[in-house]
Structures are given as C-alpha cells and as structure tokens.
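Undergrad: To convert, note that position 85 of the sequence shown is 84 in numbering that gives the first Met the number 0; the numbers rise steadily by one, no gaps. Each residue gets a CB set at the ideal place from its N, CA and C atoms; glycine is no exception. As the structure is a prediction and not an experimental result, all values here were calculated from the model. Before I ask anything, let me first share the structure, which is written out below as structure tokens.
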Amino acid sequence: MVRTPLTPWERERGERLGALLRAARGERSMVEVAAVAGLSAETLRKIETGRVPTPAFFTIAALAGTLGLAMEDVVRAATPEGAPDEGAAPVPPVRAAVPHGSAAA
0 MVRTPLTPWE RERGERLGAL LRAARGERSM VEVAAVAGLS AETLRKIETG
50 RVPTPAFFTI AALAGTLGLA MEDVVRAATP EGAPDEGAAP VPPVRAAVPH
100 GSAAA
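Here you go:
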C-alpha cells in the first residue's frame, strides 16, 4: 500500500496536535493517560512528537475525553492558519451500499 505524502499543513497540524496533547497532559504520566484512553504509551508518544501526524478519529476522541478537551477545541487548536477550506480535509465521496446478494450497477 502506498501512502500519499502529507502536505505541509497536515504535518503542521500533527505537530500542533501533539503540542496540545502534551500541554493538556500536564504532570500526568504518558503511561497513565494512554492507559485511560485505551492506547499504548508508544502510540501516545508518537502522536505527541508528531511521528503520527494523522491519528485515527477515535484515538483523538479517546485522548480528548481522557484529558477533558472538547473536540471542537482540539480541532481549533490543531488547525494551522491558512489550512485549506478553513481546516476541513476534503471529504471523499461515499459509495452507496449494495445489499447482500444484489448485483452492483
């Protein structure tokens, strides 16, 4: 599988997200926060350092809940200025589901 290279603003968004999570964690240990959020400490470390700049939605939702952050605040703080479409990533088209046993058109 080939990954599409990240844009500069996607990399910056990952760095900003990591900084926000580090600040919100405060004095709590990485191990403690990761365990409560249902993640490994290694995953949290990679997100906080920007090595995983595009973590899954539910990963961020779990971390936000654990750290007492509203998702709206996470999006606002992590979105770089000048990001395309005010920070919203393009939404891919949704394919219609084909009922089981039906032929696709």
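Going by Cα to Cα distance, which pick from K45, T3, M70 is closest to R21?
TA: Of K45, T3, M70, the residue nearest in Cα terms is K45.
Undergrad: Taking all protein chains shown into account, decide if P54 is buried (16 or more other Cβ within 10 angstroms of its Cβ) or exposed.
TA: Under this definition P54 is a buried residue.
Undergrad: Report the three-state DSSP secondary structure of T42 (helix, strand or coil).
TA: In this structure, T42 counts as helix in the three-state DSSP scheme.
Undergrad: The alpha helix (DSSP H) with T58 in it runs from where to where?
TA: Run containing T58: 56–66, per the alpha helix (DSSP H) assignment.
Undergrad: Going straight from the alpha carbon of P52 to that of R75, what length do you get?
TA: When rounded, the distance between both Cα atoms is 16 Å.
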